[in-house]
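Undergrad: Residue numbers (our numbering): 57 to 234.
C-beta atoms are modelled at their ideal positions from N, C-alpha and C, and glycine is treated no differently.
Given the structure is predicted, the values throughout are model-derived calculations rather than measurements.
1. Starting from residue 78, follow the alpha helix (DSSP H) in both directions and report where the run begins and ends.
2. So does the stretch 74–93 actually touch the stretch 206–214, counting three or more Cβ pairs closer than 8 angstroms?
3. Confirm the yes/no value for this check: CB of residue 194, any heavy atom of the ligand ATP, distance under 6 angstroms.
4. Quick one: what's residue 198 bridged to in DSSP?
5. State buried or exposed for residue 182, treating a residue as buried only when at least 16 other CB atoms are found within 10 Å of its CB.
6. Once DSSP output is grouped into helix, strand and coil, what is the label at residue 98?
7. Judging by CA-CA distance, which residue of 76, 197, 143 is the nearest neighbour of residue 116?
8. Compare the Cα-Cα distances from residue 225 to each of 200, 189, 201 and report the closest residue.
9. Classify residue 122: buried if its beta carbon has 16 or more other beta carbons within 10 angstroms, exposed otherwise.
10. Am I right that residue 208 and residue 175 are in contact with their C-beta atoms under 8 angstroms? What's the rounded C-beta distance?
11. Report the three-state DSSP secondary structure of residue 88 (helix, strand or coil).
12. In the DSSP assignment, find the beta strand (DSSP E) that holds residue 111 and state where it starts and stops.
13. Within this structure, are the beta carbons of residue 232 and residue 220 separated by less than 7 angstroms?
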């Protein structure tokens with residue numbers, strides 16, 4: 057008698073593994089807060105990248121109003137857009153240039169900004185990647201008093217009992233998740 061698997065036994069094991077995978081995989085649940093944190097971190101970094109790459113300095117007396125910014129909107133700040141401060145130029149998705157990064161929803165996640173950006177809904181970046189807080193649409197100088205971030209900006213993402221905290225650092229604009 058040979059001690060080996062028959063083809064029938066091998067097929068049976070593969071079928072059982074396939075059935076178990078089909079039953080178990082759809083039931084795995086992802087964490088929407090963790091997904092939103094990764095998405096937000098990458099989009100804040102992308103906004104900073106655009107600001108450093110696409111220096112908005114120009115001959116206009118109000119050139120600084122056109123800086124790249126990320127704008128939070130909606131109930132609970134659960135939508136964001138990446139826009140040049142002129143309000144008409146939206147960033148395009150780097151993976152699909154046909155898609156503008158406008159009113160992107162963080163599914164069911166509430167965003168709260170505290171610390172150095174307490175209550176703000178706009179974070180913009182200068183050509184060195186430094187974060188500024190608040191809209192520059194009505195600014196009369198390149199660096200309005202109080203708008204350059206001087207303390208850590210704490211961004212809290214919440215969905216029910218799940219919470220994640222992101223920290224945007226002043227001067228460097230580095231964002232990290234905890």
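TA: From the atom records:
1. The residue given as residue 78 occupies position 22 in the chain shown. First-last of the alpha helix (DSSP H) with residue 78: 63–80.
2. yes
3. Judged by which ligands are present, the structure shown has none, so any question about the ligand ATP falls away.
4. The count along the chain shown starts at 1 and reaches residue 198 at position 142. Residue 198 pairs with nothing; no bridge assigned.
5. What you label residue 182 is simply residue 126 of the chain shown in a count that begins at 1. Label assigned to residue 182: buried.
6. In the chain shown, the residue the question calls residue 98 occupies position 42. It is helical.
7. Looking up residue 116 in the chain shown gives position 60. Per the Cα distances, 197.
8. Residue mapping note: residue 225 aligns to position 169 of the chain shown, counting from 1. For the residues 200, 189, 201, the minimum Cα distance to residue 225 belongs to 189.
9. Counting from 1 along the chain shown, the entry for residue 122 is found at position 66. That one is buried.
10. Taking the chain shown and counting its residues from 1, one reaches residue 208 at position 152. Taking the chain shown and counting its residues from 1, one reaches residue 175 at position 119. The Cβ separation is near 15 angstroms, so there is no contact.
11. Numbered from its first residue, the chain shown carries residue 88 at position 32. Helix, per DSSP.
12. Mapped onto the chain shown, residue 111 falls at position 55. No beta strand (DSSP E) holds residue 111; DSSP gives it neither H nor E.
13. Here residue 232 is taken as the residue at index 176 of the chain shown, counted from 1. Here residue 220 is taken as the residue at index 164 of the chain shown, counted from 1. Contact: no.
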